[in-house]
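To start, the structure itself, in structure tokens.
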Amino acid sequence: MTGSTLPRRALGRRLRELRERANKSQLAAGTRIEVSKQTIGRVEAGRPARISTAQYRELLDLYGASEAEREEVLELHREVRAINDSVSTQGWWRAYSDVVNPHFDHYMSLEQASDRVTAFQLTLLPGLVQTVNYRRWIESTTDPAVSAVDVERRLELLARRQHRLIESPDLQLNALLSEAALRHQIGGAEVMAEQLHHLIDVSRLPNVSLRVVPFTAGPHMGLRTQSFVLLYFPPLSVHVEPEPPIVYVEGYTGALFLEEDALVALHRAAAEDIQRVALDEESTRELVGQIAKEYTA
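Numbering-wise, the sequence shown is residues 1 to 297 according to the UniProt record's numbering.
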């Protein structure tokens, strides 16, 4: 279930296109409906904002929207409102918002709405394939002030994310890993051996592709990027085409959500180039198994 994330994003994107075509600023749009330009920015970014149907109609008047365009926007607004009125569709992950970084709530809404995830990781394994012990060591090391109770709640959140990947066929994971991510000893040899055996098991799921870029690989675009996640989305009921993909880049002090076509295209090209030099899936399992044996030697 996508909840309101995809309709909200489609609504915001369409409004931005209409505003830019009309050569109107966010300030002008906000002034017309008596809200701040920041509120207009939130709407266009697909974030929750308090905008009434009457205000949407005012914006459409300002933008000179055609009848077909008006109906498209208002239908998306009705869909968002109907979903938000249904308690059952509220994001389950929001129960954990007090123990994760502020940006992660938005990431979770996107991940839950997506049907395909491509993750390139340089140093750590993707959360969707981490074991409990591996993740516990990451939490305690990178956030030493966090309480044991909050660590356990973060692990609960992780388990619920992983449940969808393991139990449901509607999410496809394409994981591209630097060999370094297999060799950083998170928690020591025993924890890493367990983690790598789990990685092999998960790699055999029909909806998971796992490929490693070995240290012996030649030059590739991943050498110039940070770790990143590409999120792809299924079509909406009111659209033939799916929502465009989005790039998520997480850093030590925050995160970026990249939606500009040019930036998304750069990361898609990088992912394709990384796949060019990565081992195939069977060779990847062989390398992961070999490194796991090194940890138990």
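Note that the Cβ used here is the ideal one computed from N, Cα and C, for glycine as well.
Leaving out the 5 sequence neighbours to the left and right, which residues in its chain are closer than 7 Å to residue i when beta-carbon positions are compared?
i: Y232; result: S114, D115, R116 and P245
i: A49; result: T39, R42 and V43
i: Q185; result: M192
Report, in whole angstroms, the separation of the C-beta atoms of residue i and residue j, which I expect to be a contact under 8 Å.
i: residue 329; j: R94; result: Summary: the structure shown does not reach residue 329, with the chain confined to residues 1 through 297, and so no result is reported for it.
i: L74; j: Y56; result: 6 Å
i: R211; j: E281; result: 6 Å
i: E71; j: I33; result: Incorrect: roughly 19 Å between the Cβ atoms, too far for contact.
i: V247; j: L258; result: 4 Å
i: T9; j: E243; result: Looking at the sequence shown, residue 9 is not Thr but Arg. Sure, about 6 Å apart at Cβ, within 8 Å.
i: L157; j: V100; result: 7 Å
i: A189; j: Y295; result: 4 Å
Please return the same chain residues whose Cβ sits closer than 8 Å to the Cβ of residue i, not counting the five positions on each side in sequence.
i: V213; result: L176, L177, S178, E179, H220, G222, I274, V277, A278 and L279
i: L11; result: V43, G46, V73, L76, H77 and V80
i: S109; result: G3, T5, G91 and W93
i: Y292; result: For the record, residue 292 in the displayed sequence is Ala; it is not Tyr. Cβ within range, chain order: M192, A193, L196, H197 and I200.
i: D261; result: P244
i: L263; result: V247
i: L205; result: L165 and I166
i: V87; result: Here the model assigns V87 a pLDDT of 48, short of 50, so the residue's position is not dependable, and the following value carries that caveat. Around V87: no qualifying Cβ.
Is residue i helix, strand or coil when you go by DSSP?
i: F233; result: coil
i: F104; result: helix
i: V87; result: At V87 the pLDDT is 48, less than 50, meaning the model places this residue with poor confidence; the figure from the coordinates comes in the next sentence. If DSSP states are grouped into helix, strand and coil, V87 belongs with the helices.
i: P7; result: helix
i: L158; result: helix
i: R211; result: strand
i: F118; result: The residue asked about is misnamed: residue 118 is Thr in this sequence, not Phe. Here T118 sits in strand by DSSP.
i: N23; result: coil
i: Y63; result: helix
i: L176; result: strand
i: Y248; result: strand
i: residue 357; result: No statement about residue 357 is possible, as the shown extent of the chain runs from 1 to 297 and does not include it.
Within 10 angstroms of its Cβ, does residue i collect 16 or more other Cβ (buried), or is it exposed?
i: Q121; result: buried
i: S36; result: exposed
i: V149; result: exposed
i: R183; result: exposed
i: A270; result: buried
i: F104; result: buried
i: Y107; result: buried
i: F228; result: buried
i: residue 375; result: Lying outside 1 to 297, the shown extent of the chain, residue 375 is not represented and no answer is given.
i: A65; result: buried
i: A54; result: exposed
i: S140; result: exposed
i: S203; result: buried
i: residue 307; result: The first residue shown for the chain is 1 and the last is 297, placing residue 307 beyond what the model contains.
Below 6 Å CB to CB, which residues in the same chain sit around residue i once its five sequence neighbours on both sides are set aside?
i: T118; result: N174, L230 and A271
i: P169; result: N207
i: V151; result: E139
i: A255; result: H103
i: V288; result: L196, L199 and I200
Are the C-beta atoms of residue i and some chain C residue less than 8 Å apart?
i: T253; result: You won't find chain C in this structure, because it holds only one protein chain.
(request) Tell me, please, whether the region 117 to 137 touches the region 155 to 174 by the rule of three or more beta-carbon pairs shorter than 8 Å. (result) yes
(request) Evaluate contact between the region 186 to 202 and the region 132 to 147, counting only Cβ atoms and requiring at least three cross-stretch pairs below 8 Å. (result) yes
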